[in-house]
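*Asks:*
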Amino acid sequence: MSEFARDNLGTAALPAAVLAAIGACAEACRSTLHELEGDRERLRAALDRRIKKAPDGPARRLCAVDGAHATVPAAGATFAAIAAAAVEEATLTDQDVLVRLLPPVEELESILGGLRCVLELRLLARRIRATTSGLFVLDGSFYSMLAEINRLLVRFAQDHRPPRPPVWWDTFRPLLEGFFADEDWRLVLECRRVVAHPKSATAADDVLELAPHLSGTVTDRTLWTSVLNPGEHSLPVPLIRKDRPHLLTGYRSPALADFRERRTAIERGYGQLYVLYYRPDGSGPAYRLELPAALIAREPLGAVLATFRGALRVTSIQEPLPQFLADAICRQLGHALAATAEGARTTLQSEFDLGLVQRYLGPYRTPR
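Okay, so the sequence shown: first residue is 610 according to my numbering, each after it adds one.
#1: Would you kindly work out how many angstroms separate the C-alpha atoms of Gln704 and Leu623, rounded to a whole number?
#2: Classify Leu671 as buried or exposed, calling it buried when 16 or more other Cβ atoms lie within 10 Å of its own Cβ.
#3: The alpha helix (DSSP H) that contains Glu644, what's its start and end?
#4: Whole angstroms is fine: what's the gap from Phe751's alpha carbon to Leu819's?
#5: Helix or strand or just coil, what does DSSP make of Gly952?
#6: Where does Val966 fall in DSSP's three states?
#7: DSSP puts Glu899 in a beta bridge; with which residues?
#8: Could you confirm whether any beta carbon from chain D is found closer than 7 Å to the beta carbon of Ala630?
#9: May I have the straight-line CA-CA distance separating Ala906 from Asp814, to the nearest angstrom?
#10: Could you pull out every residue in the same chain whose Cβ sits closer than 6 Å to the Cβ of Glu697, ignoring the five residues on either side in sequence?
#11: Is Trp747 near Val674, with beta carbons less than 7 Å apart?
#12: Do you know offhand how far Cys638's Cα is from Arg669's?
#13: Below 6 Å CB to CB, which residues in the same chain sit around Thr780 once its five sequence neighbours on both sides are set aside?
#14: Hey, out of Arg888, Trp833, Leu965, Ala630, whose CA is closest to Arg651's CA?
#15: Determine the burial state of His678: buried for a count of at least 16 other Cβ atoms within 10 Å of its Cβ, exposed for fewer.
#16: Under three-state DSSP, which class holds Val714?
#17: Is Val727 buried or exposed, if buried means 16 or more other CB atoms sit within 10 Å of its CB?
#18: Just verifying my parser: in three-state terms, what is the DSSP assignment at Glu960?
#19: Under 8 Å: do the stretch 711–722 and the stretch 678–689 share three or more Cβ pairs, one atom per stretch?
#20: Tell me whether the beta-carbon of Pro929 lies closer than 7 Å to the beta-carbon of Ala920.
#21: Out of Arg897, Ala902, Arg738, Asn838, point me to the one whose CA is closest to Arg877's CA.
#22: Identify which residue in Pro774, Gly891, Gly647, Ser835 has its Cα closest to the Cα of Thr924.
#23: Of the choices Glu715, Thr831, Arg782, whose alpha-carbon is the least far from that of Ala810?
#24: Spatial neighbours of Lys808 within its chain, please: C-beta separation below 7 Å, excluding the five flanking residues on both sides.
#25: What is the DSSP secondary structure of Cys800, reduced to helix, strand or coil?
#26: Output the boundary residues of the alpha helix (DSSP H) element that contains Thr916.
#27: On the DSSP bridge list, what partners appear for Leu784?
#28: Does the beta-carbon of Gln932 have 16 or more other beta-carbons within 10 angstroms, so that it is buried, or is it exposed?
#29: Go ahead and pull the three-state DSSP assignment for Val763.
#30: Identify the residues that DSSP records as bridge partners of Phe688: which are they?
#31: How close, in whole Å, do the beta carbons of Asn759 and Leu857 come, if the pair is a contact with beta carbons under 8 Å?
#32: Helix or strand or just coil, what does DSSP make of Val727?
#33: How about Ala690 and Leu942: are their beta carbons less than 7 Å apart?
#34: If you draw a straight line from the alpha carbon of Arg733 to that of Ser959, how long is it in whole angstroms?
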């Protein structure tokens, strides 16, 4: 046995590894911060033509839409829930919740993620139809939503190739059929009042082009936070930068009618989406905003930025207040679902043998 192996065995091995990892991570962050500080003027000069002073405009009422999903696995089934909420200013204006008991399903998290996006867009479309003014902010990226729904459609198509698809799809098929039949997605993409704000922005296109040595640890949002002065924004660039003739690659099933025409309209809508980074003040970061072409002209853009800036009411919350509240409401879904599962078990224990209930609805693994 080597000296290294002997030194790293025993009860102290894990704490020692954690301490070593802390030091290594801190050193990597230190190096990145030094490079950001040293490169700021060079990067700002390289991006100078894309930096503009933010125009001013009237602030609008802001409504945020967010969603969440949760699962509570049992021994023979899974409790699953999906929720979406709309918060305008500081008031919950609309919500949708689906709670279902499902058999064990592979890739259930991915399926529920896609269904959550469908539920969010369906709720947002309902709010758009119900109002004639104001601005909507969608929690997340238009592109990540596309990827989530595409994965859902891939699985939907695979499961509907056999003549008898899995029965558990019956509970979700009306949601999908209504979503496409009512053209909710197309309405959201073509609406001139919808902006997407992904809090966990992962794009690194500008970093790869201008600072490839930072591409492993820095995103475009971090880059623009370093480069922009307070009150500045980057010029909008297309969300879809490369020619992608079919963004919705997953649709191969006749289970959803007339999808070819609908896919064309959706992809055309994505071709009209733009991205900019906006830094409202010196104490906060730059924010990534995705918005339709109709909002990138000076006057409507001024209203969008003024509305977004005005909704940043709490300094410790780095997102518009309605978006924070919608997210906080949806995060309670896991607690509600756990209570649902426990309530179902308690109810059935008075009707069936306790052992049978535990074998079916008991924990699928040893509780913590």
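Virtual Cβ for every residue (Gly too), placed ideally from N, Cα, C.
*Replies:* Reading off the structure:
#1: One-based indexing of the sequence shown puts residue 704 at position 95. One-based indexing of the sequence shown puts residue 623 at position 14. CA-to-CA, the gap between Gln704 and Leu623 works out to about 45 Å.
#2: Taking the sequence shown and counting its residues from 1, one reaches residue 671 at position 62. Counting Cβ neighbours within 10 Å, Leu671 comes out buried, since at least 16 surround it.
#3: Along the sequence shown, read from residue 1 onward, the residue named residue 644 stands at position 35. Where Glu644 is concerned, the enclosing alpha helix (DSSP H) stretches over 622–655.
#4: Counted from its first residue, the sequence shown places residue 751 at position 142. Counted from its first residue, the sequence shown places residue 819 at position 210. The alpha-carbon of Phe751 is positioned some 25 Å away from that of Leu819.
#5: Sequence index remark: in the sequence shown, residue 952 carries index 343 (1-based). In the structure shown, Gly952 sits in a helix (DSSP, three-state: H, G or I).
#6: Numbered from its first residue, the sequence shown carries residue 966 at position 357. Helix at Val966.
#7: By 1-based counting over the sequence shown, the position of residue 899 is 290. According to DSSP, which records beta bridges pairwise, Glu899 is partnered with Ala805, Val884.
#8: In summary, chain D is missing from the structure at hand, where a single protein chain is found.
#9: Indexing the sequence shown from 1 puts residue 906 at position 297. Indexing the sequence shown from 1 puts residue 814 at position 205. Those two C-alpha atoms are separated by around 23 Å.
#10: Translated into the one-based positions of the sequence shown, residue 697 becomes position 88. So the list reads Cys672, once near-sequence residues are dropped.
#11: As a working mapping, residue 747 is identified with position 138 in the sequence shown. As a working mapping, residue 674 is identified with position 65 in the sequence shown. One point to set straight first is that residue 747 is Leu, not Trp, in the sequence displayed. For Leu747 and Val674, yes; Cβs fall inside 7 Å.
#12: Start at 1 with the first residue of the sequence shown, and residue 638 comes out as number 29. Start at 1 with the first residue of the sequence shown, and residue 669 comes out as number 60. Cα to Cα, Cys638 sits roughly 39 Å from Arg669.
#13: In the sequence shown, residue 780 corresponds to position 171, counting from 1. If we look at Thr780 and ignore the five residues flanking it on each side, its Cβ neighbours are Arg709.
#14: For the purposes of this step, residue 651 is taken as the residue at position 42 of the sequence shown. It is Trp833 whose Cα lies nearest to the Cα of Arg651.
#15: Numbered from its first residue, the sequence shown carries residue 678 at position 69. Classification of His678: buried, given that the 10 Å Cβ count is 16 or more.
#16: Position 105 of the sequence shown, counted from the first residue, corresponds to residue 714. In the structure shown, Val714 sits in coil (DSSP, three-state: anything other than H, G, I, E or B).
#17: The residue labelled residue 727 in the question sits at position 118 within the sequence shown. By the 10 Å Cβ count, Val727 comes out buried.
#18: As a working mapping, residue 960 is identified with position 351 in the sequence shown. Three-state DSSP puts Glu960 in coil, outside helix and strand.
#19: They touch, by the three-pair rule.
#20: In the sequence shown, residue 929 corresponds to position 320, counting from 1. In the sequence shown, residue 920 corresponds to position 311, counting from 1. Going by beta carbons, Pro929 and Ala920 fall inside the 7 Å limit.
#21: For the purposes of this step, residue 877 is identified with residue 268 of the sequence shown, where counting begins at 1. The candidate whose alpha carbon is nearest that of Arg877 is Ala902.
#22: Counting from one through the sequence shown, the residue named residue 924 turns up at place 315. Nearest option by C-alpha distance: Gly891.
#23: Against the sequence shown, residue 810 aligns to sequence position 201. Cα-wise, what sits closest to Ala810 is Thr831.
#24: Working through the sequence shown from its first residue, we reach residue 808 at position 199. Correct list, in chain order: Glu928.
#25: Start at 1 with the first residue of the sequence shown, and residue 800 comes out as number 191. In the structure shown, Cys800 sits in coil (DSSP, three-state: anything other than H, G, I, E or B).
#26: Indexing the sequence shown from 1 puts residue 916 at position 307. Taken as a continuous stretch (DSSP letters only), the alpha helix (DSSP H) holding Thr916 covers 907–919.
#27: Numbered from its first residue, the sequence shown carries residue 784 at position 175. Leu784 pairs with nothing; no bridge assigned.
#28: Numbered from 1 along the sequence shown, position 323 holds the residue referred to as residue 932. Counting the other Cβ atoms within 10 Å of the Cβ of Gln932 gives 16 or more, which makes it buried.
#29: By one-based count along the sequence shown, residue 763 stands at place 154. Three-state result, Val763: helix.
#30: What you label residue 688 is simply residue 79 of the sequence shown in a count that begins at 1. In the DSSP output, where bridge partners are listed per residue, Phe688 has Val681, Leu710.
#31: Reading the sequence shown from its first residue, position 150 is the one you call residue 759. Reading the sequence shown from its first residue, position 248 is the one you call residue 857. Correct: roughly 6 Å between the Cβ atoms.
#32: As a first step, residue 727 must be located in the sequence shown, where it is residue number 118. Val727 falls in the helix class under three-state DSSP.
#33: The residue given as residue 690 occupies position 81 in the sequence shown. The residue given as residue 942 occupies position 333 in the sequence shown. For Ala690 and Leu942, yes; Cβs fall inside 7 Å.
#34: Taking the sequence shown and counting its residues from 1, one reaches residue 733 at position 124. Taking the sequence shown and counting its residues from 1, one reaches residue 959 at position 350. With the sequence shown as reference, residue 733 is identified as Leu, and Arg is not the correct amino acid for it. Going from the Cα of Leu733 to the Cα of Ser959 covers about 42 Å.
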